[in-house]
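J.:
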Amino acid sequence: MTLESLQQLIEEKPGVLLYFSGESCNVCHALRPKVKELFEQEFPLVEQVFLNAHEHPEISAHFQVFSVPTLIVYLGGREFAREGRAVSLHALAQKLRRPYTLMTEA
1 MTLESLQQLI EEKPGVLLYF SGESCNVCHA LRPKVKELFE QEFPLVEQVF LNAHEHPEIS
61 AHFQVFSVPT LIVYLGGREF AREGRAVSLH ALAQKLRRPY TLMTEA
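Under the UniProt record's numbering, the first residue of the sequence shown is numbered 1, with each subsequent residue one higher.
Take a look at the structure:
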């Protein structure tokens, strides 16, 4: 994954989830399957991209990711939500439901 291909994906897809994690981050490893399941069930048109922040420092810097886990959701090519550290999946889902529904019904 390159920064250019990631930016192209954000521009072309209706929605993109960027999930930044780290190898030694236990929270990242525990949260990832829950995030994956949430997006597959409730937001299936959102492309999921999982990145190791330490393996992709240039991408992490570009998206201003300074801690893991960090989730950034793009809808319609624009950053819509950013969650870090203590992520509430329930709150994130509530935040995304209405705009996602409006976006996919059009």
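Don't be surprised by glycine CBs; every beta carbon is placed ideally from N, CA and C.
Source: prediction; values computed, not measured.
Please report the residue range of the alpha helix (DSSP H) in which F39 lies.
T.: 26–42 is the span of the alpha helix (DSSP H), which, as asked, contains F39.
J.: For a test of the three-state rule: what should DSSP assign to E47, helix, strand or coil?
T.: If DSSP states are grouped into helix, strand and coil, E47 belongs with the strands.
J.: For the segment 57–65 against the segment 37–49, do three or more pairs of beta-carbon atoms, one drawn from each stretch, fall closer than 8 Å, so that the two count as touching?
T.: Output reads no: the segment 37–49 does not touch the segment 57–65.
J.: State buried or exposed for A53, treating a residue as buried only when at least 16 other CB atoms are found within 10 Å of its CB.
T.: Result: buried.
J.: Report, in whole angstroms, the separation of the C-beta atoms of L102 and A81, which I expect to be a contact under 8 Å.
T.: Contact doesn't hold; Cβ gap of about 15 Å is too wide.
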